[in-house]
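Chemist: The numbering of the sequence shown is our numbering, which starts it at 75 and goes up by one. Following this message is one structure expressed as structure tokens.
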Amino acid sequence: MLRLVRAIAVAAVASWASVAPAVTHTKFIDGLVTPVDLQHAGDGSGRMFVVEQRGSIRIVRNGQLKAASFLDIAGLVVSGGERGLLGVAFHPAFASNGRFFVNYTRAGDGATVIAAYRVSAGNPDLADSASAQILLTIPQPFVNHNGGVLRFGPDGYLYIGMGDGGSGNDPGNRAQDRFNLLGKILRVDVDGGNPYGIPATNPFASGAGGRPEIWAVGLRNPWKFAFDRGTGDFFVGDVGQERFEEIHRFDAATGAGANLGWRVMEGAHCTGLAGPVPCFDPSLSLPIIEYSHSAGCSVTGGTVYRGTAVAALAGRYVYGDFCSGRIWSAGPSQFGVWTSREIGNTGITISAFGEDEAGELYFTDYARGEIRRFAAESADRIDVVEYYNAALDHYFMTATPAEIHALDSGTLKGWARTSRSFSAFAQAASGTSPV
Numbered sequence: 075m076l077r078l079v080r081a082i083a084v085a086a087v088a089s090w091a092s093v094a095p096a097v098t099h100t101k102f103i104d105g106l107v108t109p110v111d112l113q114h115a116g117d118g119s120g121r122m123f124v125v126e127q128r129g130s131i132r133i134v135r136n137g138q139l140k141a142a143s144f145l146d147i148a149g150l151v152v153s154g155g156e157r158g159l160l161g162v163a164f165h166p167a168f169a170s171n172g173r174f175f176v177n178y179t180r181a182g183d184g185a186t187v188i189a190a191y192r193v194s195a196g197n198p199d200l201a202d203s204a205s206a207q208i209l210l211t212i213p214q215p216f217v218n219h220n221g222g223v224l225r226f227g228p229d230g231y232l233y234i235g236m237g238d239g240g241s242g243n244d245p246g247n248r249a250q251d252r253f254n255l256l257g258k259i260l261r262v263d264v265d266g267g268n269p270y271g272i273p274a275t276n277p278f279a280s281g282a283g284g285r286p287e288i289w290a291v292g293l294r295n296p297w298k299f300a301f302d303r304g305t306g307d308f309f310v311g312d313v314g315q316e317r318f319e320e321i322h323r324f325d326a327a328t329g330a331g332a333n334l335g336w337r338v339m340e341g342a343h344c345t346g347l348a349g350p351v352p353c354f355d356p357s358l359s360l361p362i363i364e365y366s367h368s369a370g371c372s373v374t375g376g377t378v379y380r381g382t383a384v385a386a387l388a389g390r391y392v393y394g395d396f397c398s399g400r401i402w403s404a405g406p407s408q409f410g411v412w413t414s415r416e417i418g419n420t421g422i423t424i425s426a427f428g429e430d431e432a433g434e435l436y437f438t439d440y441a442r443g444e445i446r447r448f449a450a451e452s453a454d455r456i457d458v459v460e461y462y463n464a465a466l467d468h469y470f471m472t473a474t475p476a477e478i479h480a481l482d483s484g485t486l487k488g489w490a491r492t493s494r495s496f497s498a499f500a501q502a503a504s505g506t507s508p509v
């Protein structure tokens, strides 16, 4: 009976593996200290730049981590918890002007600072620390919910993610206050003024009705967002309070003025907290994806995969959770409804996703100080796991991810892994592997 179960299981998954090869990840770089952001400069150099929360930016070139920092501003930064050097963005013309922008929490008063720097004249791997230009200084009432992400959109403007100022449940209702920069996505023109200009299509560009820098309101803590390099669509991950994590999608050209609902809504659910608009008001933007805190507790927004190495992820939005280490990919149905499937339960503290210049996808392990790279499992390889049910006195072997998840999570009661597992190899699209 045991051999028969094994044979049936392998036969079933051999067909599955031939059409849906698994997604895996491998260690790319280690030796980092609390990495929180990962970006390329778009300058053709092949370099990747890793932000360390303590106040430094490191360079990875040709799979090697350079010992010397690209930028070290640790003396300016208060680091720990949700504070520190949190994000970097490279000017679209970085190859010619050498400008880049950082988001950090200032030592002393804990304010958020958005600053511009330039590369040093004689060394492309070293920033000129004396070139700093402060664009914005935003006071922070508490030590959490600092946001931290910076990205340039396809419109050439700089988008800045700001948390609601912290504590819990946004006690000052700052996320809905249009004259407060906390709990917002900001958009500024770094080439249009000194220190910046206001894009004419910002919802309060004239200053009437709100701060002109605001692009969207109603966010709790937008830790990560990204633009799809293929379509320009804007994906925003907003960290939830106690119940739900959420992802929103916008057309960057028409999304200005969006209200993501916090604090009257968490995900697509009413919080019972007061605000200037009621729950489910038609003006509020609902998420395309949400998950409850049974699956994690702090969403790390990712990006749409546009590389070539992992065919199973092509055109799909990839995101994860800092607490649980789970990773999902998501896409819309023909009716526009977004659904997710889990592609990894890593146990890793996923702090950021990032692309290289070719569109290949990586993520950072905050606790271990690593960068990991996505790859495709061989379509021929099948990893088979054996389970035993003592009450039934039955063994069962499977390689189907959904079955493995159900058995490991306890959804199917009474089953536990044995100490045996092995890899089989599919011989044909519907073939079986010998046992």
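C-beta: ideal position from N, C-alpha, C; glycine also. These numbers come from a predicted model, not from an experiment.
Rounded to whole angstroms, what's the CA-CA distance from Ile133 to Val107? Just pull it up for me.
Modeler: Their Cα atoms are separated by approximately 13 Å.
Chemist: Taking DSSP's pairing of strands, which residues face Ala189 in a bridge?
Modeler: BP columns for Ala189 point to Val176 and Ile208.
Chemist: Report, in whole angstroms, the separation of the C-beta atoms of Lys298 and Gly311, which I expect to be a contact under 8 Å.
Modeler: Indeed they touch by this definition, with Cβ atoms about 5 Å apart.
Chemist: Work out the CA separation of Thr474 and Trp489 for me, nearest whole Å.
Modeler: Computed Cα separation, rounded: 15 Å.
Chemist: Are the stretch 462-471 and the stretch 117-124 touching by the rule of at least three beta carbon pairs closer than 8 Å?
Modeler: With a cut-off of 8 Å, the stretch 117-124 and the stretch 462-471 do not count as touching, because too few Cβ pairs lie within range.
Chemist: Kindly indicate which residue of Asn220, Glu320, Phe301 and Ser366 has the alpha-carbon position closest to the one of Ser153.
Modeler: Residue Asn220 is the option with its Cα nearest to Ser153.
Chemist: Just list the residues that DSSP pairs Ile363 with in beta bridges.
Modeler: Ile321, per the DSSP bridge assignment.
Chemist: Is Ala386 helix, strand or coil by DSSP?
Modeler: Residue state, collapsed to three classes: helix.
Chemist: Helix, strand or coil, according to DSSP, for Glu126 in the structure here?
Modeler: Three-state result, Glu126: strand.
Chemist: Put Ile272 into one of helix, strand or coil per three-state DSSP.
Modeler: Coil.
Chemist: Should Gln138 be labelled buried (16 or more other beta-carbon atoms within 10 Å of its own) or exposed?
Modeler: Its Cβ having fewer than 16 others within 10 Å, Gln138 is exposed.
Chemist: Classify Gly172: buried if its beta carbon has 16 or more other beta carbons within 10 angstroms, exposed otherwise.
Modeler: Per the 10 Å Cβ criterion, buried.
Chemist: Should the stretch 432-439 be called in touch with the stretch 367-382, which here means at least 3 C-beta pairs below 8 Å?
Modeler: Contact between the stretch 432-439 and the stretch 367-382 is present, because at least three Cβ pairs lie under 8 Å.
Chemist: If I'm right that Arg261 touches Tyr233 with Cβ under 8 Å, what's the distance once you round it to whole angstroms?
Modeler: Contact holds; Cβ gap of about 5 Å.
Chemist: For Thr250 and Ile212, what's the separation of their Cα atoms in angstroms?
Modeler: Per the sequence shown, the amino acid found at residue 250 is Gln instead of Thr. Answer to the nearest angstrom: the Cα atoms are 16 Å apart.
Chemist: So for Glu460, helix, strand or coil by DSSP?
Modeler: If DSSP states are grouped into helix, strand and coil, Glu460 belongs with the strands.
Chemist: Report the three-state DSSP secondary structure of Arg248 (helix, strand or coil).
Modeler: DSSP places Arg248 in helix when its eight states are reduced to three.
Chemist: Pick out whichever of Ala195, Asn197 and Asp202 has its Cα sitting closest to the Cα of Ala189.
Modeler: The shortest C-alpha separation from Ala189 is found at Asp202.
Chemist: Can you say whether Ala167 is buried or exposed, counting buried as having 16 or more other CB atoms within 10 angstroms of its CB?
Modeler: With fewer than 16 other Cβ atoms within 10 Å, it is exposed.
Chemist: Around the C-beta of Lys101, are 16 or more other C-beta atoms found within 10 angstroms, so that it is buried, or is it exposed?
Modeler: Looking at its Cβ environment, which holds fewer than 16 other Cβ atoms inside 10 Å, Lys101 is exposed.
Chemist: Can you have a look at Gly304 and say buried or exposed, based on whether 16 or more other CB atoms are within 10 angstroms of its CB?
Modeler: Looking at its Cβ environment, which holds fewer than 16 other Cβ atoms inside 10 Å, Gly304 is exposed.
Chemist: Short of 7 Å in beta carbon distance, which residues of its chain neighbour Leu347, apart from the five on each side in sequence? Order them along the chain.
Modeler: Here the set comprises Asn243, Arg337 and Val338.
Chemist: Ordered along the chain, which non-local residues of its own chain (more than five positions away) have a Cβ less than 8 Å from that of Asp229?
Modeler: Excluding positions up to five away in sequence, the list reads Pro273, Ala326 and Ala327.
Chemist: Between Ala115 and Leu200, what straight-line distance do the alpha-carbon atoms span, to the nearest angstrom?
Modeler: Ala115 and Leu200: Cα-Cα distance of roughly 13 Å.
Chemist: Alpha carbon to alpha carbon, how far is Leu256 from Ser280? Give it in angstroms, no decimals.
Modeler: Answer to the nearest angstrom: the Cα atoms are 19 Å apart.
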